[in-house]
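Okay, so here's the structure we're looking at.
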Amino acid sequence: MSLRIPSQDGLWEVGVAAVANAFAGTVYTTVMNVKNYKSTVFVLHKAVGATGTATLTVEGCTDTSGTGATAVPFRYRVSTTLDTFGDVTLATTAGFTTTAGSNQLYEIVVDNDVLGNGGFNYIRLKSVEVVASAVLGGVIMYLGQPRYPQATQATALT
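This is the structure we're talking about:
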């Protein structure tokens, strides 16, 4: 049995590079073209930041500039304690607000068919700061279940 690694079955991208005040104001991830993938996963990491919070929403768009951005529903799980995730929660288009604290992971999952039903081929995560306090963190994106699997997945940046 050969071990497969995730990049053989999907595409990774940096959504928001890790930085000391990653979610100040309104921040968007890289916009990705997901028409050739069945799912998108955003993994948001809050490393250090005692009080900063943000509201997270997922938006479908019509191009890489974010044109026509419209919020879509998604599912998520949160880990506010190392090695422990909460229940899967369905988020409406209003999204949800992160919890104050450090060493947290947010796993945000989108069924890309929801985007196609709205006429969108592009996706991004939007973060709007609620409590203004610096948070060291970032976002990694994973486009999974390619509709046309290849040894090396094609770019999703166009």
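Start counting the sequence shown at 290; every next residue gets the next number (the numbering used here).
A virtual CB, placed ideally from N, CA and C, is assigned to each residue, including glycine.
**Residue ranges of each beta strand (DSSP E) within the region 379-432, 3 or longer** = Within the region 379-432, the complete beta strand (DSSP E) runs of at least 3 residues are 393-400 and 411-420.
**Message:** Please identify the residue among Gly-338, His-334, Arg-436 and Gly-384 whose C-alpha is closest to the C-alpha of Val-303.
**Reply:** Taking only the C-alpha atoms, the option nearest Val-303 is His-334.
**Request:** Starting from Phe-331, follow the beta strand (DSSP E) in both directions and report where the run begins and ends.
**Result:** Note, Phe-331: beta strand (DSSP E), 326-337.
**Asked** Are the beta-carbon atoms of Lys-415 and Tyr-326 separated by less than 7 Å?
**Response** Going by C-beta atoms, Lys-415 is not nearer than 7 Å to Tyr-326.
**Prompt:** How long is the line joining the alpha carbons of Asn-310 and Glu-396, rounded to whole angstroms?
**Reply:** Spanning the alpha carbons of Asn-310 and Glu-396 requires a straight line of approximately 20 Å.
**Asked** To the nearest angstrom, how far is it from the Cα of Ile-412 to the Cα of Val-308?
**Response** If you take the alpha carbons of Ile-412 and Val-308, they lie about 22 Å apart.
**Prompt:** Under three-state DSSP, which class holds Ser-296?
**Reply:** Ser-296: helix per DSSP, three-state reduction.
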